[in-house]
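Protein chains: 2
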Amino acid sequence: MKMLLIGLIVLGFSSLVSAKIMETPFLPLPSKAPAPKDNPTTKDKVELGKQLYFDPRLSLDGTVSCNSCHNVMSNGTDNRAFSAGIKGQLGGRSAPTVWNSGFHSVQFWDGRAPSLEAQAKGPLTNSIEMGMPSHQAVIDRIQKIPGYVSQFEKVFGKGGMNIDNLAKAIAAYERTLLTPDSPMDRYLRGNESALSAQAKRGLKTVMEVGCVACHTGVNYNGANLEPGVGSYQKFPTFTENEFVKKYDFMKDKGRAEVTKDESDAHFWRVPTWRNVALTAPYFHNGAVKTLPEAVRVMAKTQLNKDLTDTQVADIVEFLKSLTGKFPPQALPRLPESETFSSLE
Amino acid sequence: MKMLLIGLIVLGFSSLVSAKIMETPFLPLPSKAPAPKDNPTTKDKVELGKQLYFDPRLSLDGTVSCNSCHNVMSNGTDNRAFSAGIKGQLGGRSAPTVWNSGFHSVQFWDGRAPSLEAQAKGPLTNSIEMGMPSHQAVIDRIQKIPGYVSQFEKVFGKGGMNIDNLAKAIAAYERTLLTPDSPMDRYLRGNESALSAQAKRGLKTVMEVGCVACHTGVNYNGANLEPGVGSYQKFPTFTENEFVKKYDFMKDKGRAEVTKDESDAHFWRVPTWRNVALTAPYFHNGAVKTLPEAVRVMAKTQLNKDLTDTQVADIVEFLKSLTGKFPPQALPRLPESETFSSLE
């Protein structure tokens, strides 16, 4: 009886607290990322995918793995403007973080991959990134590694070693890369004191000035869309300002480079805000090095607004409260090959 | 009383078993690697060293870490003849495994580093490997990473961020990379059944044919020598055989390349046998891809003996019993920098 009373009091108190929580278009991070029906997340598949993710033998000269650019140890990115592939060659866009990417409805800056599975296949045969001559060449190589042969058979059945299953395994691993429990997640779940006063002012500001026209939902990058349906926005929308020229934002046409449709020029997938304080530099070309400057750029290019220094500082404080907890992970052990032979 | 009796019976039984253990010049792996007096192994230092070990920002273009070639996930090596540094450039020797390297009295194939601390400094400024222009440039770069600044201060005190302490931290981490409990370790500790009958024949053979003239001790690479004192042997000793030409063993003069003394030509540090079944390819130039062939080569070039196929198979089985247990490790989290700037 006493326990019940205490329970009711606690319940009453927490609903009082909840009453102070602002109504926002944001959602806390679920405990699991949704998986496609044909690729359920299983323990063995995740372990296989993790090994593949960290394995540089998937690249032409054996030096670049998925993890090289989307470095799980470095907040899922490489903190570079342009990532380096084989032979130190630089790509043309900044690597998005892999953490929480299981909640994006499309992948890549231009949204050209409708799923993590589709994304995983891209860099393998990109001549600047992993440089393999074909997906078959990837399979030919890992087929020589007994530890992969046995795991593919275990996870996908006999004859299951093919590029689609390789991508499925990598995607299954990536779906487990979640950073829950940011201050904002705790706030959204009813802990009013999880945000500082300044962060709350920042939260109010992002809603008032209009950032939330695009940055909404679980990943702060659009409403909960079906897999494969992207939330695209034009960037920059307002081009007559100092930033556009300074940071060379008009050079890359974004989605139009994929669709070849001029009406898609400078459209981009809305990027996530989760862990944004840890994933500098900013924008598709990594041209902006600091978060305050990124906030100023966005307000000007997307909303044609000049924020005050206080507004910027408040928003930055709010964005910092979107840094989640990076769960400890075990290092994978990569299955051994007798001798690595480069394809070069 | 009953317990005591059982205890005595068990003790009696295990000493009976011990009686069957062959007398060998090998020692089981101790639970800790010896650390120099001025670099005790502490938890915070090991954690800092681990981050540095995995951090590609320590290389000129931010693509190569210690782990790139001495891949902890791949048995401490890269299974390549020649390792790849920045821009995919290939070095001239095969990367030795980092696992159990805390038990080598000198480091590198030619023993030119008297300690893990000294070794750690080498690749940083090697133009083919990590390519930094100077050790100061390494420090300048990590000084911009607040997470390193605070950890160096915590571990080494104020003003403690310098190249010697960086090397100390990396060495401290490397000393923790031990693979205990191989079948042979269990055998040496008295478990007679830890080795198969074939492995025991192999063990007998390596003692009878003379491999143990050099391969002895904890790491099967020489008696327990003082740090800095190497166990060097000429390889190849017998040069009039098919292998020497086929595998181009005379090209690299080994220790003479360091000492500039012709009498050191073709002298090398005796390599470890621990985990040798997992660290193909073999020899300083990685020219031999399989363990049976490596065994044949050694018998011929060092002992001028032609082993029978059975002898080779037995020795290989014995060498496989030197594969230890790779303890699970947590992935480090690398401290964030705002934006990585290449020094190029």
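Same order as they appear, the protein sequences are chains A and B. Residues in the first sequence are numbered from 599 upward in steps of one, following the numbering used here. Residues in the second sequence are numbered from 599 upward in steps of one, following the numbering used here. Idealized CB from N, CA, C, for every residue including glycine.
Is Ser748 of chain B close to chain A? Criterion is C-beta to C-beta, closer than 8 Å. No, Ser748 of chain B does not count as interfacial toward chain A.
Using beta carbons (cut-off 8 Å, strictly below), is Phe847 of chain A in contact with chain B? Output row for Phe847 of chain A: interface = no.
CA nearest to the CA of Ser657 of chain A, picked from A:Ser935, A:Pro731, A:Asp708: Closest by alpha carbon: A:Pro731.
Is the shortest distance between the beta-carbon of Ile684 of chain A and the beta-carbons of chain B less than 8 Å? Yes, its Cβ sits closer than 8 Å to a Cβ of chain B.
Please determine, among B:Thr921, B:Thr888, B:Met671, the residue with the shortest C-alpha to C-alpha distance to Leu943 of chain B. Given that chain B is displayed from residue 599 to residue 942, the structure contains no residue 943 of chain B and the question cannot be resolved.
So, at 6 Å on beta carbons, what are the nonlocal neighbours of Ala765 of chain B in its own chain, with the 5 sequence-adjacent residues on each side left out? Cβ within range, chain order: Glu715, Ala718, Lys719.
What residue does the alpha helix (DSSP H) around Phe750 of chain B start on, and which one ends it? In the DSSP annotation of this structure, the continuous segment of the alpha helix (DSSP H) that includes Phe750 of chain B starts and ends at 744-754.
At a CB distance below 9 Å, what residues from the stretch 891-922 of chain A approach chain B? Give them in sequence order. Here the close residues number zero.
Where does Arg655 of chain B sit, in a helix, a strand or coil, going by DSSP? If DSSP states are grouped into helix, strand and coil, Arg655 of chain B belongs with the helices.
As an exercise, report each continuous alpha helix (DSSP H) stretch of at least 4 residues that is fully enclosed by the stretch 631-696 of chain B, in chain order. Segments of the alpha helix (DSSP H) lying fully in the stretch 631-696 of chain B: 641-651, 664-667.
Quick one: Cα of Gly815 of chain A to Cα of Asp659 of chain A, how far? Distance between the alpha carbons of Gly815 of chain A and Asp659 of chain A: 40 Å.
Compile a chain-ordered list of the residues in the stretch 660-673 of chain B whose CB is closer than 9 Å to at least one CB of chain A. Cβ contacts with chain A: Gly660, Thr661, Val662, Ser666, Asn669, Val670, Met671, Ser672, Asn673.
Pro825 of chain B vs Ser713 of chain B beta-carbon contact at 8 Å: A contact, by the Cβ cut-off of 8 Å.
Can you check whether the CB of Leu876 of chain B is closer than 8 Å to the CB of Asn673 of chain B? With contacts defined as CB atoms closer than 8 Å, Asn673 of chain B and Leu876 of chain B qualify as a contacting pair.
Contact check, Thr723 of chain B vs Lys887 of chain A, beta carbons under 8 Å: No. Outside cutoff.
Assuming Tyr818 of chain A and Trp871 of chain A form a contact by the criterion Cβ under 8 Å, report the distance between their Cβ atoms to the nearest whole angstrom. In this structure, Tyr818 of chain A and Trp871 of chain A form a Cβ contact; the two beta carbons are roughly 4 Å apart against a cut-off of 8 Å.
Compute the Euclidean distance between the alpha carbons of Gln927 of chain A and Leu775 of chain A, then round it to the nearest angstrom. Taking the straight line joining both Cα atoms gives about 10 Å.
C-beta neighbour in chain B for Glu645 of chain A, strict 8 Å: So no, Glu645 of chain A is outside the interface.
What does the alpha-carbon distance come out to for the pair Val804 of chain B and Leu905 of chain B? Computed Cα separation, rounded: 11 Å.
Per the DSSP calculation, Arg867 of chain A is bridged to which residue(s)? DSSP output for Arg867 of chain A lists A:Tyr830 as bridge partner(s).
Tell me, please, whether the stretch 686-704 of chain A touches the stretch 823-837 of chain A by the rule of three or more beta-carbon pairs shorter than 8 Å. These segments touch.
Is the CB-CB distance between Leu627 of chain B and Asp783 of chain B below 8 Å? Result yes, Cβ atoms of Leu627 of chain B and Asp783 of chain B sit closer than 8 Å.
So, are the CB atoms of Leu650 of chain B and Ala767 of chain B less than 8 Å apart? Cβ atoms of Leu650 of chain B and Ala767 of chain B: closer than 8 Å.
Sort out for me which residues DSSP pairs Val804 of chain A with in a bridge. DSSP, once it has assigned bridges, lists no residue as partnering Val804 of chain A.
Please report the distance separating the alpha-carbon of Ile913 of chain B from that of Arg799 of chain B. Cα to Cα, the separation comes out at about 8 Å.
How many whole angstroms separate the CB atoms of Ala769 of chain B and Gly647 of chain B, which I take to be in contact at a CB cut-off of 8 Å? Indeed they touch by this definition, with Cβ atoms about 7 Å apart.
When you compare the CB positions of Val874 of chain A and Leu917 of chain A, do they come within less than 8 Å of one another, or not? Cβ distance < 8 Å, so Val874 of chain A and Leu917 of chain A count as in contact.
Determine whether the beta carbon atoms of Phe966 of chain A and Leu786 of chain A lie at a separation below 8 Å. Residue 966 of chain A falls outside the range modelled here, since chain A spans only 599 to 942, and no answer is possible.
Tell me where the alpha helix (DSSP H) around Ala770 of chain A begins and ends. Start and end: 761-773.
With a cut-off of 8 Å, does the C-beta of Arg931 of chain B fall near any C-beta of chain A? Arg931 of chain B counts as touching chain A.
Between A:Ile619, A:Gly700, A:Phe924, which lies nearest to Lys630 of chain A when the distance is taken from Cα to Cα? Ranking the options by Cα distance to Lys630 of chain A, first place goes to A:Gly700.
Alpha-carbon spacing of Thr777 of chain B relative to Ala885 of chain A, whole angstroms: The alpha-carbon atoms of Thr777 of chain B and Ala885 of chain A are separated by roughly 45 Å.
So Ala897 of chain A and Asn677 of chain A are supposed to be a Cβ contact under 8 Å. How far apart are they, rounded? At roughly 24 Å, the Cβ-Cβ gap does not stay under 8 Å, so Ala897 of chain A and Asn677 of chain A are not in contact.
Helix, strand or coil at Ala892 of chain B [DSSP, three-state]: Residue state, collapsed to three classes: helix.
Whole-angstrom distance between Ile737 of chain A and Lys851 of chain B, CA atom to CA atom: C-alpha separation (whole angstroms): 39 Å.
Below-8 Å beta-carbon distance, Lys742 of chain B vs any chain A residue: At a cut-off of 8 Å between beta-carbon atoms, Lys742 of chain B makes no contact with chain A.
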